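Chains as they are written, first to last, in the numbering used here: chain G, 1 to 408; chain A, 1001 to 1408.
Think of the CB as a built atom: it goes at the ideal place given N, C-alpha and C, for glycine as much as any other residue.
Given the structure is predicted, the values throughout are model-derived calculations rather than measurements.
Shown next, in C-alpha cells, is the structure this report addresses.
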C-alpha cells in the first residue's frame, strides 16, 4: 500500500493569501457597492513594455517558421540570454560571473523552492522572521524542519532571525549555540522592504565562509534599489563566489509575473569537498526541468536592450512614485513606516498596538483597502502590515488618502 | 558545515544524449564534408501551426495593454485551458474528469520528475525496462532506489519490468514477492513505441486497486495512437480514478518542445486514507511553482480550436508518414522492427547480435545517421535501437535509404 510524504501533513493550513482572498470576498459580497483597492499581493499591474512585446512577437514569428523554429532549449538556457545577464547584471557591476554560471528558469519562486533538494536533509536552515513563506515551506516538505509549535508558529529545527524595528529589520548573526548550514537572505526584503549595506552583507559572507555555510540570496527586488551603498548582488562582496547562490527574477523589474522568467547563479567555485553545487544543480535541471520557453527567453533578452532598459526604468520609477506616496502619506499621518526607499514594499507598524489581522479588518471594513498582515510572514511580523506599490498611481493615492481619514 | 544530498552522487554519470552528442561532434569534426541526419533525440522539427502562433500573438498584445494585462496566473492554471482539456481530452472520450482535477504545468518532464515528492520515501517503485530515464533518476535523487549495481546497471530497490520482443514490449505484473507502491507506465511507450490494449491496461488498474498502488501514467504520445483498442487515457479504464495519476504534454501533439506546456490529472477520489493526493499536489504547486505563462496557456487553448485541431492532425500525420517509411523500409530490408504504428518511435533489433552502441557507431560512421542506442534506456534495451519520426520527410527517406545500403 502506497504512503504519502508525511511532511506535507505537518504544514499548517494557514494559506495567507487565501485567507485574505476569503475575507475580501465575504466583504465585497456583503457590500457590492464598495470600491475595494488592493495593495496586498505583490503582483504588478503595468503592461509589458513595447521592447518586450516586440521581442515576443518576433520570437513567435520565428517559431511559426520552419527555418527558425526552435525545439528543446539548451539545459542552462540560451546563450544569448545568459550572456546578456552576465554582462549587464554582473560584469557591469564588477562581479566576475560567467554566462555558464547562470541557470535560466521560470522564476525565483521555483528556484528558491527547489534549491534545498541538492542539500543534505540534516542541514540546519536559518531564515529571517518575517520571511517569504516558500523558504520555510519547501524545507518542511523535505523534512528538514523538525516539529511545529502551533503556539509560537515556529519549527523546532529552524533558526529564526527576528527582523524588527529594534534591529532596523536587519538580521543578526546567529549565536554560537546554533550554527546554520543554509542561510536564506532576501534583500531588498520581502516583506519588510528593508535593505542592508554592502558592509553588512560582507559580514554575512565572512560568517558563512567561517562556518562553512551557504547563503541562499534572493535578490528578486534589486531593480528597486536607489541608494549607493546597497548591494545589487551578493557577488559584490569579497568571497561570496565560494559560499553564495543568488536568485533573480524578471517579475518585478520587468513585470513578468505572468510571463515567468528568472535565473539562479551558482559560481563554479562553490563546492562541498570536491563536488561543485553547479554540477548538482545542472543535474537537477537536466532531470526535472526542460528550460524556459524560447519566446520568453527572447523577451528576457529584450529587457537588456537599450529600449528595454529605458522603458523599464520608467516602469520602476512609476511604482517607486507610488511607494513614496504611501511612505510619506502614512508618515505624515503619524504612522511608523519603513521600506519603500529601495523596495516596492512599505512596512508599517499597526497603530495603538493592534494585531496585524485586526488592522487588516479595520482597513478592509472602514476604508476598503486590502493589505497583508505582517504576522502572515512569521511571528516577528505581528504588529506590522505590508502595503505594495504595484497598484496604479490613482488607486494608490486614493488608498492612502482613505487610510489617512482613519482616527485611532 | 553544509553537506550535499548524497543521493545525487549515486547517479551514474552516463548522460545518454550527451555521450551521443560527443560522438557525433567528434565524427563531424573529422569529416566536415559529411551530411549527418539525426533521428536520435525526440525533438520535433515542424514549426508551430498558424492557429497557435495567432493565439500567441493575440495574447502578447493583451499583455502589452493595461486593460488586458495578466499577472500571476491561478495556481492550477487558467480555467479556459483546463476546461478545454477536460472537454476535449476526457469528456469527449467518456472519461469523467473535471476541469479542477487538471493541473497546468510547463511540461510532463517536470511533472513526472516532481510527482514522487508527494509520496513516502520508503515506497517501492516499479518501472518498465527500457524506460524514460527521468522516472528512475528523480527517485534516485530522492533516495528511494537503494544501491546501484554498475555491472547490471540497476538499482537494488527498484522493480524492473523487462519489455522485450518476448513479451511484445508489454510489462508483466510483478510477482507476489515484490509488490510495488508506485508503478510508472508510459503508453504509447518511449522508447519502444509499443502500446497495450485497453483490456491490458485494465489489468494494471485492477492490480493497482488490489495492491493499493498508484499508477503514474505518462500519456505524452497519445496523439499518435491510430488503433481503436489502444486507450488514450488511463481513465478509460474502470476504477482508474482512485488509483492513477495521468501526465500529458503539448510537446509532441502540438510541437511545443520549445514552448513548454503540459498537465497532470489527479482525480479527487485518489486518496491515501483521508488525504487526497490532489490536495498534496495543489500544495506543491502553490509552494514551488508559479504557473505556466499566460501567453503559453492561450497557445494551449488554440490547440483545441477547430483550426488548431485540423492543422495539428496534419502535423501528426506528417510525422506518422515518416514513421511508416522507416518501419516499412527497414522491415523490407530484413530488420526486426516494432513501434511506429501508434507512436513516433521505431524500435529495431540490431542486426547480427551487435550491441546497441556498436550499431550506433556503425550507423554514424558508415551512413552518417544518428539514432539512440536502446541500452541507454536500461539493460533490457541492449540489442535494440530507437529511431524517431520527428525529422523532415526528405531526411527520413534519405536516412532509411542509406541504412538499407548496409550489408551485415
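Cβ atoms of residue 250(G) and residue 303(G) come within 8 Å of each other, at about 6 Å. If the five residues before and after residue 75(G) are omitted, its C-beta is found closer than 6 Å to the C-beta atoms of 285 and 286, all from its own chain and listed in chain order. Residue pairing by DSSP places residue 387(G) opposite 346(G) in a beta bridge.
Between residue 277(G) and residue 266(G), the C-beta gap is smaller than 8 Å, which places the two residues in contact. Residue state for residue 1008(A) is assigned as helix, using DSSP reduced to three classes. With a threshold of 16 other beta carbon atoms within 10 Å, residue 1393(A) falls short and is exposed. Put simply, the CB of residue 310(G) is far from chain A, with every gap to its CB atoms at 8 Å or more.
In this structure the stretch 120 to 140 of chain G does not touch the stretch 256 to 265 of chain G; the number of beta carbon pairs closer than 8 Å is below three.
Annotation: the continuous alpha helix (DSSP H) that includes residue 1279(A) extends over 1277 to 1288.
For residue 249(G), the enclosing beta strand (DSSP E) begins and ends at 244 to 249. Scanning its chain for C-beta atoms nearer than 6 Å, with the 5 sequence neighbours on each side dropped, one finds around residue 1082(A) the residues 1099 and 1102, in chain order. Any Cβ of chain A closer than 8 Å to the Cβ of residue 247(G) would place that residue at the interface, and such an atom is absent. The three-state reading of DSSP puts residue 163(G) in coil, since its state is none of H, G, I, E or B. Here residue 1237(A) carries a coil assignment [DSSP, helix/strand/coil]. Proximity of residue 1100(A) to chain G, defined by a Cβ-Cβ separation below 8 Å, is not satisfied. Taking 8 Å as the upper bound on Cβ-Cβ separation, chain A lies near residues 113, 114, 117, 118, 119, 120, 121, 122 and 123 of the stretch 112 to 132 of chain G. The continuous alpha helix (DSSP H) containing residue 81(G) extends over residues 79 to 85. For residue 1043(A), the secondary structure class from DSSP, reduced to helix, strand or coil, is coil. Contact between residue 376(G) and residue 16(G) holds: their C-beta atoms lie close to 4 Å from each other, under 8 Å. Contacts between residue 1002(A) and chain G, judged by CB atoms closer than 7 Å, involve 119, 123, 181, 182, 212, 213, 214 and 272 in chain order.
Here residue 271(G) carries a strand assignment [DSSP, helix/strand/coil]. Distance between residue 1071(A) and residue 1193(A), taken at the CA atoms: about 40 Å. For the options 24(G), 34(G) and 38(G), the alpha carbon positioned closest to that of residue 400(G) is the one of 38(G). Distance between residue 143(G) and residue 174(G), taken at the CA atoms: about 22 Å.
Excluding the 5 residues flanking it on each side, residue 85(G) has same chain C-beta neighbours closer than 7 Å at 102 and 263, in chain order. Short of 8 Å from the beta carbon of residue 1060(A), and not among the five residues preceding or following it, lie these beta carbons of its own chain, in chain order: 1295. Chain-ordered, the chain G residues with CB closer than 9 Å to the CB of residue 1069(A) read 44, 45, 46, 47, 48, 255 and 258.
Within the stretch 125 to 166 of chain G, the runs of alpha helix (DSSP H) that reach at least 4 residues and sit entirely inside it are, in chain order, 133 to 142. Residue pairing by DSSP puts residue 38(G) in a beta bridge opposite 370(G). At a cut-off of 8 Å between C-beta atoms, residue 287(G) counts as an interface residue with respect to chain A. Residue 1379(A) and residue 268(G) have their C-alpha atoms roughly 34 Å apart. Between residue 28(G) and residue 36(G), the C-beta gap is smaller than 8 Å, which places the two residues in contact. If you look at residue 362(G), you'll find it isn't in any beta strand (DSSP E); it sits in the alpha helix (DSSP H) that goes 356 to 362. Remark: C-beta atoms of residue 188(G) and residue 126(G) do not approach each other more closely than 8 Å. Within a 10 Å sphere around the beta-carbon of residue 1256(A) sit 16 or more other beta-carbons, which makes this residue buried. With a 10 Å radius around the Cβ and a threshold of 16 neighbouring Cβ atoms, residue 1283(A) comes out buried.
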